[in-house]
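Residues in the sequence shown are numbered from 1 upward in steps of one, following the UniProt record's numbering. We put the beta carbon where it would ideally sit given N, CA and C, even for glycine. Since the structure is predicted, the reported quantities are computational estimates derived from the model, not experimental observations.
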Amino acid sequence: MPNVNAMPSKENVRAQQAPCNQQLNIYITAEERERIEQVARNEMRTVSATIRMLSLRGLSQYQQDTLIAD
């Protein structure tokens, strides 16, 4: 029986992720940064990975909302 609690190796994780090779600079408020950093700590992610995750979730929600509105 496979160990479901085992962490995937770094090689497997990298193979599953799309290559992130584009930089995007944004301006946010100090309060927004604090909120993002709190999410990052809670999720044990980097701030960069957290912003990417939140952006992708937001884009997905936006697309769903736009389809509903059409």
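Short Cβ contact (8 Å threshold) for residue i with residue j
{"i": "Ile36", "j": "Ile51", "result": "yes"}
{"i": "Arg41", "j": "Met53", "result": "no"}
Member of the options whose CA lies at the smallest distance from the CA of residue i
{"i": "Cys20", "options": "Leu56, Asp65, Thr66, Ser60", "result": "Leu56"}
Residue-level contact to chain B via CB, residue i, 8 Å cutoff
{"i": "Asn25", "result": "No chain B is present in this structure, which holds just one protein chain."}
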